[in-house]
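K.L.:
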Amino acid sequence: VFKPSSALSKVGPSAISRMMAATAEMKRQGRDVIGLHVGEPDFNTPENILDAANRAMRNGETHYSALDGSPAVKAAVLEKFRRENGLNFTADEVVVTTGAKMMIFSAFMASIGPGDEVILPAPYWVSYSDIVEMMGATPVILPTKAEDGFVLKAADLEAAITPNTRWILINSPSNPTGTIYSAEDYAPLLDVLAENPHVWLMVDDMYEHLIFDPGTFVTPAQLRPDLRDRILTVNGVSKAYAMTGWRIGYGAGPLPLMKAIRAVVSQSTSCTCTIAQAAAVEALTGPQEAVSAYLAEYRSRRSLIMEELHTIPGLVCAAPAGTFYAFVDWRALVGSITPGGEVLADDETFCHYMLQEHGVAVVPGAAFGAAGYFRISFASDEQSLRQGMARIRLGCAALT
Ligand code: PLP
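With full-length UniProt numbering as the guide, the letters of the sequence shown map in order to residues 6 to 405.
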């Protein structure tokens with residue numbers, strides 16, 4: 006009999022993967038489903054990046070690289086931090102991993118275990134809590150409020166810190182809310198960090214380039230250089246450059262942490278794909294026009310879905326400041342009854358109803374630690390978005 010390890014004892018398939026599986030199964034049966042659940046760009050990787058990968062593999066860049074990234078990709082990451090964030094790191098302070106997820110996983114593997122606590126402002130990307138639990142540590146979920154724009158408040162952070170707190174993890178722009186922390190939002194939180202020298206800050210800047218008001222993005226290492234020896238800045242190429250399948254992410258932080266992360270990488274993936282590293286060099290240092298073109302597209306899709314959402318009775322949603330997600334409040338409809346007589350008591354039932362009865366896939370808010378919401382991804386073409394929103398409207402209108 007197969008016996009899973011204790012690391013997996015609290016980790017089940019996520020609500021997102023259940024949704025993915027249910028949607029795939031319906032498509033397999035030939036049913037018409039609009040998928041607004043997918044967390045990745047629908048665009049293809051830009052041509053110049055494909056060409057760079059092609060050149061690299063033809064040039065024999067098909068061997069292992071240094072475990073923390075080739076000299077070229079590390080130089081590209083250093084240059085990115087300098088150019089876009091005003092941050093100067095040394096090559097030793099940077100590690101390139103198999104996606105940003107592996108950076109987050111490696112950082113936790115390298116630093117936490119049973120008895121440790123990690124503070125996660127909710128709503129949060131579901132992998133954070135699962136990874137923390139895989140390490141045997143405890144996620145401490147701190148709810149934020151829609152009225153506060155889903156920004157964590159310093160008093161709440163302060164109250165949640167214990168002697169066992171090791172990290173707080175902030176994701177801005179946020180998956181799923183699209184919230185962007187301004188310098189003013191970060192300032193009081195960084196003051197709390199300064200007062201608690203045993204606590205470190207991990208920031209997930211994955212959606213840095215997907216922001217609708219230019220200039221609104223800031224990152225803590227830039228704001229408080231005095232705290233840099235306790236800040237890990239995580240980023241990657243997946244979302245901005247439509248490169249989810251290439252698996253390149255990276256992190257920059259203090260040397261002792263990065264050294265420990267190297268040990269994890271060394272004994273797990275050895276290094277990430279060298280061809281993908283060459284592609285990432287082109288993404289980070291080549292022409293950036295594709296990023297602006299994608300952003301323009303996301304902006305018009307955002308308008309489209311916000312117009313719809315504002316006129317569907319029972320749904321409430323503020324326009325996301327970044328990312329390609331809208332986090333929709335359906336609390337006014339909780340407890341309503343479907344034409345089939347089912348009571349929509351929770352997010353999963355609601356999403357299941359939308360999928361099975363109306364052929365539109367969205368993700369339950371509870372999966373992000375925020376019940377009473379669902380997440381729509383607008384990384385889909387305009388026609389699918391229009392159809393999907395029409396189905397959501399019908400689904401809501403049919404409830405009593
Ligand atoms: N961070 C956030 C907030 C994400 O939403 C995702 C992907 O969904 C990632 C990190 C992972 O990105 P990568 O593809 O680089 O592993």
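Don't be surprised by glycine CBs; every beta carbon is placed ideally from N, CA and C.
Using the Cα positions of Val270 and Gly254, report the straight-line distance between them to the nearest angstrom.
P.N.:
13 Å
K.L.:
Less than 8 Å separating the beta-carbons of Ser297 and Asp47?
P.N.:
no
K.L.:
Specify which residues have a beta carbon nearer than 6 Å to any heavy atom of the ligand PLP, listing them in chain order.
P.N.:
Gly44, Gly104, Ala105, Lys106, Trp130, Asn176, Asn180, Asp209, Met211, Gly241, Ser243, Thr249 and Gly254
K.L.:
Please report how far the alpha carbon of Phe217 lies from the alpha carbon of Arg304, in whole angstroms.
P.N.:
7 Å
K.L.:
What did DSSP end up calling Pro119 once you bin it into helix, strand or coil?
P.N.:
In the three-state reduction of the DSSP assignment, Pro119 falls in the coil class.
K.L.:
List, from N- to C-terminal side, the alpha helix (DSSP H) runs of 4 residues or more that fit wholly inside the region 52-79.
P.N.:
52-63
K.L.:
Let's see if you can read the secondary structure: which residues bound the beta strand (DSSP E) around Ser382?
P.N.:
Tyr378 to Ser382
K.L.:
What residues are listed by DSSP as bridge partners for Tyr330?
P.N.:
Looking at the DSSP output, Tyr330 sits in a beta bridge with Ser382.
K.L.:
So what does DSSP say about Met114, is it helix, strand or coil?
P.N.:
It is helical.
K.L.:
Can you tell me which of the three DSSP states Tyr255 falls into?
P.N.:
strand
K.L.:
Buried or exposed: which applies to Ala371, given that a residue is buried once 16 or more other Cβ atoms fall within 10 Å of its Cβ?
P.N.:
buried
K.L.:
Given a cut-off of 8 Å on the beta-carbon distance, is the pair Met101 and Gly120 in contact?
P.N.:
Per the sequence presented here, residue 101 reads as Val, with Met not at that position. It is not a contact, given that the beta carbons lie outside the stated cut-off.
K.L.:
Do Glu122 and Ala142 have their CB atoms nearer than 8 Å?
P.N.:
yes
K.L.:
Looking only at its own chain, which residues have a Cβ that is under 6 Å from the Cβ of Arg380, when we skip the five neighbours before and after it?
P.N.:
Pro181, Tyr330, Phe332 and Val368
K.L.:
Taking 8 Å as the threshold (C-beta atoms), are Leu228 and Leu195 in contact?
P.N.:
yes
K.L.:
Return the CA-CA distance between Glu387 and Ile166, expressed in angstroms with no decimal places.
P.N.:
44 Å
K.L.:
Along the chain, which unbroken stretches of the beta strand (DSSP E) at least 3 residues long are found entirely within the region 245-325?
P.N.:
254-257
K.L.:
From the DSSP output, in three-state form, read off Leu390 for me.
P.N.:
In the structure shown, the three-state DSSP call for Leu390 is helix.
K.L.:
So the candidates are Leu157, Glu302 and Ala247; which of them puts its Cα closest to the Cα of Ala288?
P.N.:
Here the closest residue by C-alpha is Ala247.
K.L.:
May I ask you to report which of helix, strand or coil DSSP gives Leu125?
P.N.:
DSSP, read as helix, strand or coil, puts Leu125 in strand.
K.L.:
Taking Cβ positions, are Leu174 and Asp209 nearer each other than 8 Å?
P.N.:
yes
K.L.:
Express the C-alpha separation of Gly374 and Phe113 in angstroms, rounding to a whole number.
P.N.:
20 Å
K.L.:
Taking the alpha-carbon of Glu189 as reference, which of Arg171, Trp205 and Ala159 has the nearest alpha-carbon?
P.N.:
Ala159
K.L.:
Whose C-alpha, out of Val38, Arg235 and Thr343, is nearest the C-alpha of Val204?
P.N.:
Arg235
K.L.:
With a floor of 3 residues, list each beta strand (DSSP E) that falls wholly inside the region 202-238, ordered by position along the chain.
P.N.:
205-209
K.L.:
Among Asn53, Phe94, Thr279 and Ala151, which one has its Cα closest to the Cα of Ala238?
P.N.:
Before going on, a small fix: residue 238 reads as Thr here, not Ala. It is Phe94 whose Cα lies nearest to the Cα of Thr238.
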